[in-house]
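The working numbering numbers the first residue of the sequence shown as 1 and each following residue consecutively. We treat Cβ as the ideally placed atom computed from N, Cα and C, and that holds for glycine. Data block below; observations after.
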Amino acid sequence: MKIFDMHADIGTNILETKEKEKSENVLMERHYDKLIAGEIRWSAIACYFSGTEDWERMKKMVLTAEEEIRRSPVHPILSPCDFQSEASLNVILTVEGMCGITDQVEEKIQWLYDHGVRIASLCWNEQNALASGKDGSSLRGLSALGKRAVRKMNELNMVIDVSHANEKTFWDILETSTKPVIATHSNLRSLAAAERNLTDQQFKALAEMGGLSGLNAARNFIDSDPQNQDAAHLANHALRMKELAGIQAIGIGFDFMDFFDHHESSMGQDLSSARMAQNLIAALRAKFKEEEVERIAWRNTVDFLKRWL
Ligand SMILES: [Zn+2]
Numbered sequence: 001m002k003i004f005d006m007h008a009d010i011g012t013n014i015l016e017t018k019e020k021e022k023s024e025n026v027l028m029e030r031h032y033d034k035l036i037a038g039e040i041r042w043s044a045i046a047c048y049f050s051g052t053e054d055w056e057r058m059k060k061m062v063l064t065a066e067e068e069i070r071r072s073p074v075h076p077i078l079s080p081c082d083f084q085s086e087a088s089l090n091v092i093l094t095v096e097g098m099c100g101i102t103d104q105v106e107e108k109i110q111w112l113y114d115h116g117v118r119i120a121s122l123c124w125n126e127q128n129a130l131a132s133g134k135d136g137s138s139l140r141g142l143s144a145l146g147k148r149a150v151r152k153m154n155e156l157n158m159v160i161d162v163s164h165a166n167e168k169t170f171w172d173i174l175e176t177s178t179k180p181v182i183a184t185h186s187n188l189r190s191l192a193a194a195e196r197n198l199t200d201q202q203f204k205a206l207a208e209m210g211g212l213s214g215l216n217a218a219r220n221f222i223d224s225d226p227q228n229q230d231a232a233h234l235a236n237h238a239l240r241m242k243e244l245a246g247i248q249a250i251g252i253g254f255d256f257m258d259f260f261d262h263h264e265s266s267m268g269q270d271l272s273s274a275r276m277a278q279n280l281i282a283a284l285r286a287k288f289k290e291e292e293v294e295r296i297a298w299r300n301t302v303d304f305l306k307r308w309l
């Protein structure tokens with residue numbers, strides 16, 4: 001079954017690989033075959049920033065990813081009509097963490113939009129000029145600059161991703177944003193204690209607003225017991241999400257990390273790379289009706305983006 005993967009740090013991998021070795025096209029040479037093998041029809045390609053990068057670095061990574069997408073036989077998703085594409089692989093460019101934005105917030109977000117970015121989070125785990133991630137002060141949420149960023153993103157129809165936000169930032173964003181937001185790669189904390197997972201209350205609020213959350217295949221986000229870190233247990237998060245808020249609020253954001261050094265064992269046992277993506281579909285089929293599996297796999301995310309891009 002075709003899949004929409006809402007989060008993969010491929011944008012970062014493109015620039016880092018090019019800086020280390022000679023590569024004409026990292027997307028095609030290192031990622032394309034795996035994505036096709038996993039039947040990932042839509043991939044959200046994230047440029048990830050950990051909190052130390054400046055605006056120049058952000059621009060360089062986005063421009064490099066934009067250029068590779070342009071030179072590859074993939075279709076970029078820029079507006080709702082791009083979902084008519086019949087391409088085997090469609091990509092949507094995203095930014096994870098906007099630490100490089102410390103001034104001229106509206107102009108810089110406009111620049112990101114003009115270069116194809118359609119989904120972005122204000123912070124990764126760090127505390128930055130806009131917002132606080134899960135490692136920042138729990139008392140600090142969105143800054144005044146961060147509120148301006150939310151308003152600019154709303155104006156442009158750039159979708160806000162709350163996956164790395166701390167709780168205060170999460171609630172501040174929900175209060176400030178006039179449009180639904182998404183958590184591209186977060187499970188439920190009631191089933192796995194990872195801080196990056198959402199509380200039941202957060203997930204319900206996200207869903208009530210019309211947003212959705214993507215099932216994350218990183219092993220600690222699935223279950224704290226190593227025996228249970230697999231696709232079957234990830235499907236349990238989907239079951240509980242459905243109980244809490246309904247099927248329409250569930251998507252997939254695997255966060256595969258096999259292409260980074262030292263991350264070979266970060267993922268669930270049978271979900272080590274995009275090649276294994278269909279293992280989650282099989283696990284979902286054991287617990288859901290076919291029509292519901294399809295909604296989780298791609299339809300909910302496509303419907304959301306058709307409406308809000
Ligand atoms: Zn992440």
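Less than 7 Å between C-beta atoms, sequence neighbours within five positions excluded: which residues of the same chain meet that for residue i?
i, result
"Ser23", "Thr17, Glu29"
"His263", "Met257"
"Gly146", "Leu122, Leu130, Ala131"
"Met61", "Gly11, Thr12, Leu15, Cys47"
Rank the options by C-alpha distance to the C-alpha of residue i and give the top, closest one.
i, options, result
"Ala65", "Glu175, Gln278, Leu112", "Leu112"
"Val91", "Ile101, Met98, Ile77, Gly97", "Ile77"
"Ser85", "Leu93, Thr94, His75, Ser265", "His75"
"Asn220", "Asn187, Leu139, Ala249", "Asn187"
"Asp261", "Met6, Met58, Thr12, Ser72", "Thr12"
"Arg307", "Asp255, Ala238, Gly210, His7", "Gly210"
"Asp258", "Leu271, Gln248, Gln127", "Leu271"
"Leu130", "Glu243, Lys168, Asp82, Asn300", "Lys168"
"Pro180", "Ala238, Lys204, Met61", "Lys204"
"Ala144", "Gly246, Gln104, Ala192", "Gln104"
"Asn128", "Leu63, Arg148, Gly116, Gly100", "Gly100"
"Phe391", "Leu27, Phe4, Val26, Arg148", "Because the chain is modelled from 1 through 309, residue 391 falls outside the range shown and cannot be assessed."
How many angstroms separate the CA atom of residue i from the CA atom of residue j?
i, j, result
"Gln201", "Lys20", "43 Å"
"Met153", "Asp225", "39 Å"
"Ser72", "Leu139", "44 Å"
"Asn228", "Gly268", "9 Å"
"Thr94", "Cys47", "6 Å"
"Ser265", "Ala218", "9 Å"
"Asn300", "Thr102", "34 Å"
"Glu67", "Ile45", "13 Å"
"Glu155", "Glu106", "10 Å"
"Asp114", "Ile69", "14 Å"
"Ala232", "Ala194", "18 Å"
"Trp298", "Leu142", "31 Å"
"Thr176", "Gly136", "20 Å"
"Thr199", "Ile36", "33 Å"
"Gly251", "Arg189", "17 Å"
"Asn157", "Glu292", "27 Å"
"Gly116", "Leu244", "34 Å"
"Trp171", "Lys242", "22 Å"
"Phe288", "Leu63", "41 Å"
"Lys59", "Val26", "18 Å"
"Glu208", "Asp223", "26 Å"
For residue i versus residue j, is the C-beta spacing smaller than 8 Å?
i, j, result
"Val159", "Ile173", "no"
"Ala274", "Ile109", "no"
"Leu284", "Arg118", "no"
"Gly51", "Gln278", "no"
"Thr178", "Asp161", "no"
"Gly214", "Gly253", "yes"
"Asp230", "Ala8", "no"
"Leu212", "Ala238", "no"
"Ala192", "Ala235", "no"
"Asp43", "Leu15", "According to the sequence as given, residue 43 is Ser; it is not Asp. In this structure, Leu15 does not lie closer than 8 Å to Ser43 by Cβ."
"Glu294", "Met6", "no"
"Phe304", "Ile182", "yes"
Looking only at its own chain, which residues have a Cβ that is under 6 Å from the Cβ of residue i, when we skip the five neighbours before and after it?
i, result
"His31", "Ile10"
Excluding the 5 residues preceding and the 5 following residue i in the sequence, name in chain order all residues of the same chain whose CB lies nearer than 8 Å to its CB.
i, result
"His164", "Glu96, Gly97, Ser121, Cys123, Trp124, Asn125, Gly133, Lys134, Arg196"
"Trp55", "Gly100, Ile101, Thr102, Lys108"
Any beta carbon from chain C within less than 8 Å of residue i's own beta carbon?
i, result
"Val117", "Reference to chain C is not applicable here, since this structure consists of a single protein chain."
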